[in-house]
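*Asks:* Residues 48 to 403 in this note's numbering are what the sequence shown spells out, letter by letter.
Every residue gets a Cβ at the ideal spot worked out from N, C-alpha and C, and that includes glycine.
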Amino acid sequence: MGFGVVILNILNISITVLYTSLSTAAQTAYASLASARRLEDVRSVAELPGSFSKKRVKGKEYWYYQTPDLTGKQIQIFLGCASDQLTKLINLHRSGNGTKVHLRQLTRQAIAAGCPSIVPSHAKIIERLADVGFFRAGGILVGTHVYMAYQNYLGIRWQSAAQTVDLDFAHAGRNVSVAIPSGVTMDVGSEIEALKMGFVPVKSLTTYVKSDEQDLQIDFVTCRHRGGDTPVLIKALNATMQPLKFMEFSMEAPIQVTLLAQRGPITVNAPPPEKYALHKLLVYGERPQKMRVKAAKDLAQAASLIDYLTKNDVELLSDTWGELISQGPGWRSRALEGLAALKDRYPTVDTSALVE
């Protein structure tokens, strides 16, 4: 069968299995690692002079760390969506009871327990951008790497793991509120060059390809604006990004997920799973005929996540769908086109929460 599909014939009934649960040991190992990584993030930021603060953006609360830059101007470093876990980490740091955690060892233990990991070359790139502040400057990891990261985040394993040679990074620009403040700056091009992996820029500097491995590429995308498809310079990153239609939907209210690699854990900003899933339905109809393979992958990823969310948080899925189709007739039309294709390709996936 196709991507991510296993058919079990029981009493002549076909059941589509798109994911299985990770073992309790794997889920526990990931939870411990993610907490340790977040504590280290909080600690490294809080070593700067400043203070923690909480703000409400579009009805949701987020934690930041306020600190002066070299000119004395106050900047805000994004820590994440307010949660019991993050609040405990902040309080732990404030009390001075935090201890140094051997993150690499914890990561390898989690991988050994069955947690999915990413390949070393991809981890090196993501880690570099994370270390120099890409995600603190408002960057968001998108694409298949996020889909794969949802496995550990949700405590599951996709039945057929997606493979990708692309790394997709995004920034919302000024037109979309994503709760991540500006103020942290960097130079993306210089950092990619510093990797010394042979990446060279193409396509108006929105894509980097590896000179000796043409299939491996790094793409930078942003939300489409009045300039249409004209590449946009994101000044905070000194990076040129390709505008894409519907991107803003998946980029609001980002979450933090931890990627696992042998070199250690990497915390990144990512779209919430429910928005990622429904965004895939939106972009399905936007793919030209020559990109039908990618369109099929869009459907496969949407089906897997919708299947999981229907069984575990159907109200969230339904509310997010309602938000999507209320964006306007163009959005609704594309969403319904993707939904119809999903029903045709994955007829056993329950889509009753997606009311037409």
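I need the DSSP call for Lys-257, collapsed to helix, strand or coil.
*Replies:* Numbered from its first residue, the sequence shown carries residue 257 at position 210. Three-state DSSP puts Lys-257 in a strand.
*Asks:* So the beta strand (DSSP E) Ala-308 belongs to, where does it begin and stop?
*Replies:* Numbered from its first residue, the sequence shown carries residue 308 at position 261. Segment 302-308, the beta strand (DSSP E) holding Ala-308.
*Asks:* Hey, Pro-163 and Gln-198 are a contact pair by Cβ (cut 8 Å); roughly how many whole angstroms apart?
*Replies:* Taking the sequence shown and counting its residues from 1, one reaches residue 163 at position 116. Taking the sequence shown and counting its residues from 1, one reaches residue 198 at position 151. Right, their Cβ atoms sit about 5 Å apart.
*Asks:* Taking the alpha-carbon of Val-212 as reference, which of Gly-332, Ile-165, Leu-153 and Gly-385 has the nearest alpha-carbon?
*Replies:* Taking the sequence shown and counting its residues from 1, the one referred to as residue 212 is at position 165. Nearest of Gly-332, Ile-165, Leu-153 and Gly-385 to Val-212, Cα basis: Ile-165.
*Asks:* For Ala-300, which of Asn-285, Ala-283, Glu-321 and Pro-312 has the nearest alpha-carbon?
*Replies:* One-based indexing of the sequence shown puts residue 300 at position 253. Out of Asn-285, Ala-283, Glu-321 and Pro-312, Glu-321 has the C-alpha closest to the C-alpha of Ala-300.
*Asks:* Which stretch, first to last residue, makes up the alpha helix (DSSP H) that contains Leu-188?
*Replies:* Looking up residue 188 in the sequence shown gives position 141. Segment 186-189 is the beta strand (DSSP E) holding Leu-188; no alpha helix (DSSP H) there.
*Asks:* Exposed or buried, what is Met-195 when buried is set at 16 or more other beta-carbons lying within 10 Å of its beta-carbon?
*Replies:* In the sequence shown, residue 195 corresponds to position 148, counting from 1. Burial call: buried.
*Asks:* Between Thr-218 and Thr-269, which are expected to be in contact by the criterion C-beta below 8 Å, what is the C-beta distance as a whole number of angstroms?
*Replies:* Within the sequence shown, residue 218 is the residue found at index 171, counting from 1. Within the sequence shown, residue 269 is the residue found at index 222, counting from 1. Strictly speaking, residue 218 in this sequence is His, with Thr absent from that position. The pair is a contact, with the Cβ atoms about 5 Å apart (cut-off 8 Å).
*Asks:* List the whole-angstrom C-beta distance separating Val-304 from Asp-354, where the pair is believed to meet the contact cut-off of C-beta under 8 Å.
*Replies:* Here the question's residue 304 lines up with position 257 in the sequence shown. Here the question's residue 354 lines up with position 307 in the sequence shown. The pair is not a contact, with the Cβ atoms about 19 Å apart (cut-off 8 Å).
*Asks:* Which of the three DSSP states, helix, strand or coil, is assigned to Thr-71?
*Replies:* The residue you call residue 71 lines up with position 24 of the sequence shown. Helix, per DSSP.
*Asks:* What does DSSP give as the partner residues of Ala-316 in its beta bridges?
*Replies:* On the sequence shown, position 269 is the one that residue 316 refers to. Reading off the sequence, residue 316 comes out as Asn, not Ala. Paired residues: Gln-303.
*Asks:* Any idea which residues DSSP pairs Val-402 with across the strands?
*Replies:* Working through the sequence shown from its first residue, we reach residue 402 at position 355. Answer is none; Val-402 lacks a bridge partner.
*Asks:* Can you give me the start and stop residues for the beta strand (DSSP E) that Met-288 sits inside?
*Replies:* In the sequence shown, residue 288 corresponds to position 241, counting from 1. Unbroken beta strand (DSSP E) run through Met-288: 286-291.
*Asks:* Below 8 Å, can you find three or more Cβ-Cβ pairs linking the stretch 278-289 to the stretch 307-316?
*Replies:* The answer is no - the stretch 307-316 does not touch the stretch 278-289, with fewer than three Cβ pairs under 8 Å.
*Asks:* Is His-272 helix, strand or coil by DSSP?
*Replies:* Counting from one through the sequence shown, the residue named residue 272 turns up at place 225. Strand, per DSSP.
*Asks:* In whole angstroms, what separates the C-alpha of Gly-190 from that of Ser-237?
*Replies:* Sequence index remark: in the sequence shown, residue 190 carries index 143 (1-based). Sequence index remark: in the sequence shown, residue 237 carries index 190 (1-based). In a straight line, the C-alpha of Gly-190 is about 23 Å away from that of Ser-237.
*Asks:* Using only the alpha-carbon positions, how far apart do Thr-67 and Gly-180 sit?
*Replies:* As a first step, residue 67 must be located in the sequence shown, where it is residue number 20. As a first step, residue 180 must be located in the sequence shown, where it is residue number 133. Going by the C-alpha atoms only, they are around 34 Å apart.
*Asks:* Between the alpha carbons of Gly-202 and Ala-388, how many angstroms are there, rounded?
*Replies:* The residue given as residue 202 occupies position 155 in the sequence shown. The residue given as residue 388 occupies position 341 in the sequence shown. The straight-line gap from Cα to Cα measures roughly 28 Å.
*Asks:* Considering Asp-391, what are the terminal residues of the alpha helix (DSSP H) in which it resides?
*Replies:* Within the sequence shown, the letter at position 344 stands for residue 391. Note, Asp-391: alpha helix (DSSP H), 376-392.
*Asks:* Considering only C-alpha positions, which residue in the set Leu-65, Pro-394, Ala-317 and Gly-185 is nearest to Ile-122?
*Replies:* Indexing the sequence shown from 1 puts residue 122 at position 75. Of the listed residues, the one whose Cα sits closest to Ile-122 is Gly-185.
*Asks:* Under the three-state reduction of DSSP, which class applies to Lys-105: helix, strand or coil?
*Replies:* The sequence position of residue 105 within the sequence shown is 58, counting from 1. Lys-105: coil per DSSP, three-state reduction.
*Asks:* Does DSSP put Gly-236 in a helix, in a strand, or in coil?
*Replies:* Looking up residue 236 in the sequence shown gives position 189. Gly-236: helix per DSSP, three-state reduction.
*Asks:* Rank Thr-367, Ser-380 and Asp-178 by C-alpha distance to the C-alpha of Leu-242 and give the top, closest one.
*Replies:* Taking the first residue of the sequence shown as position 1, residue 242 is located at position 195. Comparing Cα-Cα distances from Leu-242 to each of Thr-367, Ser-380 and Asp-178, the minimum goes to Asp-178.
*Asks:* On a CA-only basis, which of Arg-381, Ile-124 and Gln-348 is nearest Arg-204? Give me that one, please.
*Replies:* Taking the sequence shown and counting its residues from 1, the one referred to as residue 204 is at position 157. Selected option, being the one with the closest Cα: Gln-348.
*Asks:* If you count every other CB in all the chains shown that lies within 10 Å of the CB of Ser-399, and 16 or more means buried, which is it?
*Replies:* The residue given as residue 399 occupies position 352 in the sequence shown. So Ser-399 counts as exposed.
*Asks:* Is it a yes or a no for the stretch 72-84 touching the stretch 150-163, going by three-plus beta-carbon pairs under 8 Å?
*Replies:* Output reads yes: the stretch 150-163 touches the stretch 72-84.
*Asks:* Note down, in chain order, each residue of its chain lying with its Cβ closer than 7 Å to the Cβ of Leu-328, except the 5 sequence neighbours on either side.
*Replies:* For this step, residue 328 is matched to residue 281 along the sequence shown. So the qualifying residues of the chain are Ala-349, Ala-382, Gly-385, Leu-386 and Leu-389.
*Asks:* Buried or exposed, going by whether 16 or more other CB atoms sit within 10 Å of the CB of Leu-117?
*Replies:* By 1-based counting over the sequence shown, the position of residue 117 is 70. Unreliable placement is indicated for Leu-117, whose pLDDT of 47 sits below 50; no coordinate value is reported for it.
*Asks:* Taking Asp-213 as part of the beta strand (DSSP E), name the residues at either end of that continuous run.
*Replies:* Position 166 of the sequence shown, counted from the first residue, corresponds to residue 213. From DSSP, the beta strand (DSSP E) with Asp-213 extends over 213-218.
*Asks:* Compute the Euclidean distance between the alpha carbons of Tyr-393 and Thr-63, then round it to the nearest angstrom.
*Replies:* Looking up residue 393 in the sequence shown gives position 346. Looking up residue 63 in the sequence shown gives position 16. About 8 Å.
*Asks:* Can you grab the Cα-Cα spacing for the pair Asp-345 / Asp-360, in whole Å?
*Replies:* Within the sequence shown, residue 345 is the residue found at index 298, counting from 1. Within the sequence shown, residue 360 is the residue found at index 313, counting from 1. Those two C-alpha atoms are separated by around 21 Å.
*Asks:* Whose C-alpha, out of Tyr-200, Ile-158, Asp-266 and Gly-275, is nearest the C-alpha of Met-288?
*Replies:* Counting from 1 along the sequence shown, the entry for residue 288 is found at position 241. Of the candidates Tyr-200, Ile-158, Asp-266 and Gly-275, the one whose C-alpha sits nearest the C-alpha of Met-288 is Asp-266.
*Asks:* Looking only at C-alpha atoms, which of Thr-314, Arg-379, Leu-401 and Pro-335 sits nearest to Asp-366?
*Replies:* In the sequence shown, the residue the question calls residue 366 occupies position 319. Of the candidates Thr-314, Arg-379, Leu-401 and Pro-335, the one whose C-alpha sits nearest the C-alpha of Asp-366 is Leu-401.
*Asks:* Is it the case that the Cβ atoms of Leu-291 and Leu-325 are separated by a distance below 7 Å?
*Replies:* As a first step, residue 291 must be located in the sequence shown, where it is residue number 244. As a first step, residue 325 must be located in the sequence shown, where it is residue number 278. Going by C-beta atoms, Leu-291 is not nearer than 7 Å to Leu-325.
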